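Under the numbering used here, the letters of the sequence shown match residues 762 to 1183, in that order. See structure below.
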Amino acid sequence: MVDTQASTAASRAADRATLDLLDADISRLETQLQILRDKRAAVHARLSTFIYPIQTLPTEIINEIFEAFVPAYPQCPPLLGHESPTNLTVVCRRWREIAVANPRLWRSICLDIVRPKISELDKLLESILGEGKSWLERSQPLSLSVVLRCGNESAPEVTLGQMNALDLLLQHCARWQFASLELPRADPNHPTRNGDPLWAPEIQAPVLVSLRIISRAADMEDHLLESRLKAPLLRTFHGRTRDDDVYLALLEQQWGTITSLRLDDVPASFALQALRKAPALTHCQLNFHGQGAGADHERAQLDCLQTLTLDSRNAASALLILDLLIAPSLKKLAIQEHFFADAQDLRRILTSWTALTSLECLWILTSAQRLESESGVVEEYRKLFPEILVIEGGDEEKHKSLWEPDVGDEHWDAGWIRDPWM
């Protein structure tokens, strides 16, 4: 604020004295400020010479840390978000270079296209397919674990995106080692790729060991019926399709190599055909849906079978198969209680299978309500089968929690799929 009082000789002298004092204070403070700036620069210099331990780690060690960050192969991390290797590419330039150059981080790929919001569809599909292409390129030349989830969508916009995702994965089928495909509904307006069938006449998968195919659309299965899978290393197969002939056609050359088999919603007559074609079968789960057509009296000889689960909500659906198995090496059996009349009838069945001498564990699939309301249900079986070491009972959920394989279980292989079977 400017002093408006009249200037006098005395006031001017006082102002000059004040300026001298202010200049002295400013000079003193500037000296102190420079001292602080010098100290600050020295601290910066010391920090700039310090190398954090993580910056001294060799690339090989950082790669090991990165690989421990993502789920163990063949489990699939998400394309984006928690546990995704893409997180490692945004920390710093060196980390990005190391992560992108490590194919092991990108070899497990899950394309999840289930119930997307139509308002975000274009952006979502572009993002999923773009990331999928990047991962497939970065994972070269390693074998792959691939998962495609399509749900039960039927909107043309969604279906086309799912078909493109399936197409993308099929282009790399020669590198598939683990494959779980939930097939889309075929779009009648886009059934082909560049004039060629979506499914090649021969699907070459030389390193494939585990395959899961779930289908809810007959139109997609029509394409599969014309294809043949060539996978000499295939050991595990899980399928659920509307047309059971898909299995016979697609796996025409592979039945002899399969050791673990799960078929859902199959008629007993078809299950028998499949079992006869798979002499090396060691572990098998069959969920029946009806008997199927035609009389069949040829037995299925399964000398290697060790684990068998027979399930269905329909008691009559399994009658055809119960007297036509031979399984002399069977160790674990889970069977629906309504498939047989009583414990004595079950003993007759197991005797016809020549399985009583080898069986170590028997699980009676029955309702929890029956076990609670009728005491001694399991004890009755224990008395009639003293040669079997472990006899338990319970519903399907309890059985799954105890019997279905953990991730990486070498006896089933198919347990690597993280999401529920159905």
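Don't be surprised by glycine CBs; every beta carbon is placed ideally from N, CA and C. Computed from a prediction, not measured in an experiment: that's the story for all the values here.
Have a look at residue i and residue j and give me their C-alpha separation to the nearest angstrom.
| i | j | result |
| --- | --- | --- |
| THR953 | TYR1142 | Unreliable positioning characterises THR953 in this predicted model, as indicated by a pLDDT of 45, which lies under 50. The coordinate reading is nonetheless provided below. Approximately 56 angstroms between the Cα atoms of the pair. |
| LEU1042 | ARG996 | 9 angstroms |
| PHE1101 | THR1070 | 14 angstroms |
| TYR813 | ARG807 | 13 angstroms |
| GLY1155 | SER1021 | 24 angstroms |
| THR1018 | ALA1061 | 16 angstroms |
| HIS999 | GLN1046 | 9 angstroms |
| GLN793 | ALA785 | 12 angstroms |
| GLU987 | ILE974 | 16 angstroms |
| ALA862 | CYS837 | 19 angstroms |
| ASN955 | LEU1080 | With a pLDDT of only 47 at ASN955, under 50, the local geometry of the prediction cannot be trusted, and no value is derived from it. |
| ALA767 | ARG773 | 10 angstroms |
| GLU821 | ILE815 | 12 angstroms |
| LEU1120 | ALA966 | 36 angstroms |
| GLU1059 | LEU1085 | 7 angstroms |
| ILE826 | ILE787 | 55 angstroms |
| PRO993 | THR1002 | 23 angstroms |
| LEU759 | LEU1132 | Outside the modelled stretch of the chain, which goes from 762 to 1183, sits residue 759, for which no answer is possible. |
| VAL831 | LEU882 | 27 angstroms |
| GLU1140 | HIS843 | 48 angstroms |
| ALA833 | LYS894 | 21 angstroms |
| ASN1048 | ILE1152 | 21 angstroms |
| LEU921 | TRP1114 | 48 angstroms |
| LEU1145 | GLN1105 | 7 angstroms |
| THR847 | LEU909 | 19 angstroms |
| LYS800 | LEU790 | 15 angstroms |
| VAL851 | PRO902 | 24 angstroms |
| VAL804 | PHE811 | 11 angstroms |
| SER1103 | VAL1138 | A quick correction: the sequence has Asp, not Ser, at residue 1103. Straight-line Cα distance between these residues: approximately 11 angstroms. |
| CYS911 | GLN923 | 7 angstroms |
| SER1128 | LEU905 | 40 angstroms |
| ASP1005 | CYS1122 | 31 angstroms |
| ALA778 | ARG798 | 30 angstroms |
| ALA770 | ALA802 | 48 angstroms |
| PRO1028 | SER1136 | 34 angstroms |
| ILE819 | SER809 | The question names Ile, but residue 819 in the sequence shown is Pro. Distance between the alpha carbons of PRO819 and SER809 is about 20 angstroms. |
| GLN1014 | LYS991 | 7 angstroms |
| ARG854 | VAL1007 | 49 angstroms |
| TRP1016 | LEU1024 | 13 angstroms |
| ARG1108 | ARG1074 | 22 angstroms |
Please check the pair residue i and residue j, which I expect to be a contact at CB under 8 angstroms, by giving their CB distance rounded to whole angstroms.
| i | j | result |
| --- | --- | --- |
| SER976 | LEU944 | 4 angstroms |
| SER1090 | LEU1066 | 6 angstroms |
| ALA926 | ILE870 | Contact flag wrong, Cβ pair sits at about 10 angstroms. |
| PRO864 | SER900 | 5 angstroms |
| LEU1063 | GLN1034 | That belief does not hold up - the Cβ atoms of LEU1063 and GLN1034 are roughly 13 angstroms apart, past 8 angstroms. |
| ASP1026 | HIS1050 | 4 angstroms |
| ILE1125 | GLU1098 | 5 angstroms |
| LEU985 | HIS933 | In fact, because the Cβ distance is near 18 angstroms, the residues do not count as touching under 8 angstroms. |
| TRP856 | LEU849 | 6 angstroms |
| LEU890 | LEU929 | 6 angstroms |
| ARG946 | GLU963 | Contact doesn't hold; Cβ gap of about 24 angstroms is too wide. |
| ALA1032 | ILE1082 | 6 angstroms |
| LYS1092 | THR1112 | About 16 angstroms separates the two Cβ atoms, so there is no contact after all. |
| ILE859 | ASN913 | The pair is not a contact, with the Cβ atoms about 41 angstroms apart (cut-off 8 angstroms). |
Which residues does DSSP list as the beta-bridge partners of residue i?
| i | result |
| --- | --- |
| ASP873 | ARG910 |
| VAL1151 | CYS1122 |
| HIS999 | ARG973 and ARG1023 |
| ALA1095 | THR1070 and TRP1124 |
| ALA940 | VAL907 and LEU972 |
| ARG1131 | Paired residue(s): none; ARG1131 is not in a bridge. |
| GLU963 | ARG989 |
| ILE1087 | GLN1062 |
Would you verify that the beta carbon of residue i is, or is not, closer than 9 angstroms to some beta carbon of chain B?
| i | result |
| --- | --- |
| PHE1100 | Among the chains of the structure shown, chain B does not appear; only one protein chain is present. |
Q.
Across the region 966–985 and the region 931–939, are there enough close Cβ pairs to call them in contact, namely three or more that are closer than 8 angstroms?
A. Yes, the region 966–985 touches the region 931–939.
Q: Would you check if the region 1027–1039 and the region 978–989 touch, i.e. whether three or more CB-CB distances between them fall below 8 angstroms?
A: No, because fewer than three Cβ pairs between the region 978–989 and the region 1027–1039 fall closer than 8 angstroms, the two stretches do not touch.
Q | Segments of 4+ residues assigned as alpha helix (DSSP H) that fall wholly inside the region 794–846 | A | Listed in chain order, the complete alpha helix (DSSP H) runs (minimum 4 residues) inside the region 794–846 are 814–817 and 820–830.
Q | Length-filtered (4 minimum) alpha helix (DSSP H) runs lying within the region 1018–1084 | A | Every alpha helix (DSSP H) of 4 residues or more that sits fully in the region 1018–1084 is shown, in chain order, as 1029–1037 and 1080–1083.
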